Each structure stands twice: as C-alpha cells, then as structure tokens.
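So the structure is just underneath, and the comments pick up after that.
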Amino acid sequence: MPETLECNDKIIKYLSSEEVSSLIKQSNYKNSNELKDIDKSDLIPNIYEGGLKVWEAAIDMCNYITKNGNDTFKGKTVLELGCGAGLPGICALLLQSSHVYFQDFNEVVLKCYTQENVKMNGFNGNQTTYISGDWKYFNDKVRESGTKFDIILTTETIYCEENYEKLYQVFCDNLKDTPDAYILLGGKLYYFGVGGSILGFMDFLKIKNDFNVEVVDVVEASVPRWLLKITRKI
Numbered sequence: 022m023p024e025t026l027e028c029n030d031k032i033i034k035y036l037s038s039e040e041v042s043s044l045i046k047q048s049n050y051k052n053s054n055e056l057k058d059i060d061k062s063d064l065i066p067n068i069y070e071g072g073l074k075v076w077e078a079a080i081d082m083c084n085y086i087t088k089n090g091n092d093t094f095k096g097k098t099v100l101e102l103g104c105g106a107g108l109p110g111i112c113a114l115l116l117q118s119s120h121v122y123f124q125d126f127n128e129v130v131l132k133c134y135t136q137e138n139v140k141m142n143g144f145n146g147n148q149t150t151y152i153s154g155d156w157k158y159f160n161d162k163v164r165e166s167g168t169k170f171d172i173i174l175t176t177e178t179i180y181c182e183e184n185y186e187k188l189y190q191v192f193c194d195n196l197k198d199t200p201d202a203y204i205l206l207g208g209k210l211y212y213f214g215v216g217g218s219i220l221g222f223m224d225f226l227k228i229k230n231d232f233n234v235e236v237v238d239v240v241e242a243s244v245p246r247w248l249l250k251i252t253r254k255i
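All the letters of the sequence shown, read from the start, carry residue numbers 22 to 255 under our numbering.
Below is the structure:
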C-alpha cells in the first residue's frame with residue numbers, strides 16, 4: 022500500500038519502501054552500481070545521494086508551503102533540486118504550479134520513485150520535467166532550454182560543505198531576476214560526520230553577498246531543522 026502524507030488540506034501519496042524495492046527489482050536498475058551498497062548507507066557521495074528515502078526536511082517543507090504558499094505557487098515554474106521522493110514538488114503541483122522540474126543525482130530515483138509518486142497524485146508529463154545527473158550537468162541542460170524558475174525548492178542538500186559552491190551556482194544561474202522569485206531551502210542545523218550545516222551555508226551566502234536570507238520556520242528536534250527563504254539582492 023502507498024504511504025500518505027497529510028499537509029494541512031493536502032494529501033500526498035507516495036510509494037512505500039517495499040513498492041520501490043519491487044519496482045527496482047523489475048527494472049533495468051536492479052544490478053546498478055549506484056545501488057549496490059545502499060543497504061549499508063543512506064548516502065554514498067557521488068554515487069548514491071540518498072534519494073530513495075523521505076528525509077525529514079522534505080516533510081517540513083511540505084507542511085510549510087501548503088500552509089503558506091497557496092497564492093505564490095499558482096501559475097509558476099518550479100524546480101525541486103535533489104528531489105528524491107519529490108514531495109515538495111508534488112505540493113507545488115497541488116498548489117497549481119504550471120510546471121515543475123524534478124532534479125536528482127540518480128536516474129533510478131527519478132524513474133522508480135519520483136515519477137511514480139507524481140503519477141500517483143494525478144499529474145502527467147505535460148506538467149513535469151525530470152533531469153538526472155550532477156548539478157553542473159543540470160545547469161548545462163537547463164541553460165540550453167533557456168528556462169528560469171520562479172521558485173526553487175531544495176531540502177537536505179547542504180550536508181557537505183564541498184558542494185556549497187555548486188549549489189550556489191545553481192541558484193545564481195536558474196532563479197529568475199524578479200523581486201518575487203525565491204528559493205526555499207530546508208535542512209538540519211548540523212550534519213554529524215559530513216561537515217555541513219544550515220548556519221555554515223548561511224555564512225557562505227553572506228560572504229557571496231548576492232542573496233538575502235530569512236529563517237521562516239524552525240522545527241525543534243534532537244537536531245533542529247530550519248527552513249530558509251532566499252531571495253536575490255536586486
């Protein structure tokens with residue numbers, strides 16, 4: 022049976038871990054190198070980036086945007102970066118975004134998880150685009166199309182300080198140059214063993230001096246989670 026996530030007045034359906042495993046076994050990805058060690062770790066840098074798990078910050082973002090985003094998403098072009106299950110992007114579709122791009126490092130995640138979740142919630146290919154690969158490849162691909170985004174959603178993508186520059190470049194290159202365009206970024210206050218943190222990324226953006234950053238939500242937990250709203254300095 023599918024899982025369900027209730028967010029204010031929205032209900033999002035997504036595949037259970039058993040259903041995802043079954044799809045992968047039936048697919049061409051069952052012997053993929055990127056999946057061979059996922060039973061041992063949720064994250065294998067540059068091989069498997071954790072997309073087959075629903076992370077806490079994605080749920081936080083769904084709760085936030087279904088409560089606060091009814092008017093801001095309608096008719097907008099949205100990107101969910103590092104999407105995994107794609108739950109925030111599905112929320113954007115439920116809030117009547119015109120088109121949502123889903124990006125994840127791993128093609129298997131998009132094919133066997135994200136796309137299936139999107140279809141399960143009643144949306145078709147006319148409203149969505151899926152791009153797998155690292156952020157540089159994504160930048161090059163989107164640049165070819167000339168697409169810019171009104172809203173960028175991303176969660177749990179700041180766990181590694183080495184990736185801050187790449188993430189920043191995606192923001193710079195792909196967010197529209199308009200006053201109402203913004204980024205929502207969710208993550209943990211700190212990540213054990215991998216070096217990243219919300220405060221560290223905020224300091225990084227402060228040094229770059231291209232974006233304004235506002236903390237719009239805090240979820241208290243053993244490791245607190247913050248949600249940031251990031252806008253261009255125009």
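Backbone N, C-alpha and C fix where the C-beta goes; we use that ideal spot for every residue, glycine too.
Only a predicted model underlies this, so the values are computations on that prediction, with no experimental measurement involved.
Subject >> 3-residue-minimum beta strand (DSSP E) runs that sit fully inside the region 97-127, ordered along the chain >> reply: 98-102 and 120-125
**OP:** Could you pull out every residue in the same chain whose Cβ sits closer than 7 Å to the Cβ of P200, ignoring the five residues on either side in sequence?
**Re:** I255
**OP:** Using 10 angstroms around the beta-carbon of F228, count the other beta-carbons present and answer buried if the total reaches 16, otherwise exposed.
**Re:** A quick correction: the sequence has Ile, not Phe, at residue 228. Classification of I228: exposed, given that the 10 Å Cβ count is below 16.
Subject >> Rounded straight-line distance, which links the Cα of N29 to that of K157 >> reply: 35 Å
**OP:** Give me the Cα-Cα distance between G214 and K162, rounded to the nearest whole angstrom.
**Re:** 32 Å
Original post:
Helix, strand or coil: how does DSSP classify V215 here?
Top reply: coil
Original post:
For L205, which residues does DSSP report across the bridge?
Top reply: L174 and K250
Subject >> Euclidean distance between Cα positions of V239 and T176 >> reply: 14 Å
**OP:** Count the other CB atoms, across all protein chains shown, that sit within 10 Å of the CB of C266; report buried if there are 16 or more and exposed otherwise.
**Re:** Limits of the chain in this structure are 22 at one end and 255 at the other, which puts residue 266 out of reach.
Original post:
For C133 versus I204, is the C-beta distance shorter than 7 Å?
Top reply: no
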